[in-house]
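Numbering (our numbering), first residue to last: 858 to 1002.
Shown next, in C-alpha cells, is the structure this report addresses.
Written out as C-alpha cells, the structure reads:
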C-alpha cells in the first residue's frame, strides 16, 4: 500500500497576469470573514447572536531575488499610482507535487501593488538580495485542480 505524505510547501508556481514568475516566498494567502454581533433590547437571551459579515482581504506578499535591470515591480507601482487601473492583474499561486502538477491553487482577483521593499543591504552578508512586493486584491479563491 502506498504511503501518503502531506505536500511540501517549497514547490510552487506564480502566474502573474499570464506570465509565470519565480518567487522564493509567498505569504498572506488568508481568507477571513468578519463577524457581526447583534442583540435587540427585548431579547430573553443575555448574549449576542453572531452572523457572518463582510470578507476581509489580507495583502499578499511575494519575495524574489533581485536581478540586474529588472524594474517590473516599480513600473507597475508607478502605473497604478498614476491611476492607470487597467494595470490590475489576476495572480494565481499553485502548489505543485513532485511531478510538477498542481495540487492546490489560489487566485487573487484584480491585484495591484501597495508596497515594494528593496533588498536589505549588508557589507558582510553572504546571501542573495531579496526584494518583495505587497499586493492588495479584491478576493482570494481556493480553486479545485
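All C-beta atoms, glycine included, are put in the ideal place defined by N, C-alpha and C.
If you reduce the DSSP assignment to three classes, tell me which class residue 984 lands in.
By one-based count along the chain shown, residue 984 stands at place 127. Coil.
Less than 8 Å between the CB atoms is what I'm expecting for residue 920 and residue 989, so what's the real figure, rounded?
Taking the chain shown and counting its residues from 1, the one referred to as residue 920 is at position 63. Taking the chain shown and counting its residues from 1, the one referred to as residue 989 is at position 132. Confirmed, Cβ separation roughly 4 Å.
Counting Cβ pairs, one atom from each stretch, are 3 or more of them under 8 Å apart for the segment 860-879 and the segment 945-959?
yes
Counting C-beta neighbours from all protein chains within 10 Å, is the total for residue 897 16 or more, i.e. buried, or is it exposed?
For this step, residue 897 is matched to residue 40 along the chain shown. Result: exposed.
Taking its Cβ as the centre, do 16 or more other Cβ atoms sit within 10 Å of residue 948, making it buried, or is it exposed?
Here the question's residue 948 lines up with position 91 in the chain shown. It counts as buried.
Below 8 Å between beta carbons: does that hold for residue 950 and residue 966?
For the purposes of this step, residue 950 is taken as residue 93 along the chain shown, with counting starting at 1. For the purposes of this step, residue 966 is taken as residue 109 along the chain shown, with counting starting at 1. No.
Can you give me the C-alpha to C-alpha distance between residue 881 and residue 922, rounded to a whole angstrom?
The count along the chain shown starts at 1 and reaches residue 881 at position 24. The count along the chain shown starts at 1 and reaches residue 922 at position 65. Each residue's Cα considered, the two are about 7 Å apart.
Terminal residues of the continuous beta strand (DSSP E) containing residue 966?
Start at 1 with the first residue of the chain shown, and residue 966 comes out as number 109. Residue 966 -> beta strand (DSSP E) spans 959-974.
According to the neighbour-count rule (16 or more other Cβ atoms, all chains shown, within 10 Å of its Cβ), is residue 890 buried or exposed?
As a position in the chain shown, residue 890 is number 33, starting the count at 1. Label assigned to residue 890: exposed.
I need the boundaries of the beta strand (DSSP E) containing residue 953, first residue and last residue.
Numbered from its first residue, the chain shown carries residue 953 at position 96. Per DSSP, residue 953 belongs to the beta strand (DSSP E) from 946-953.
Take residue 933 as the anchor and find which of 869, 1000, 993, 870 has the nearest alpha-carbon.
The sequence position of residue 933 within the chain shown is 76, counting from 1. Comparing alpha-carbon positions, the option among 869, 1000, 993, 870 lying closest to residue 933 turns out to be 993.
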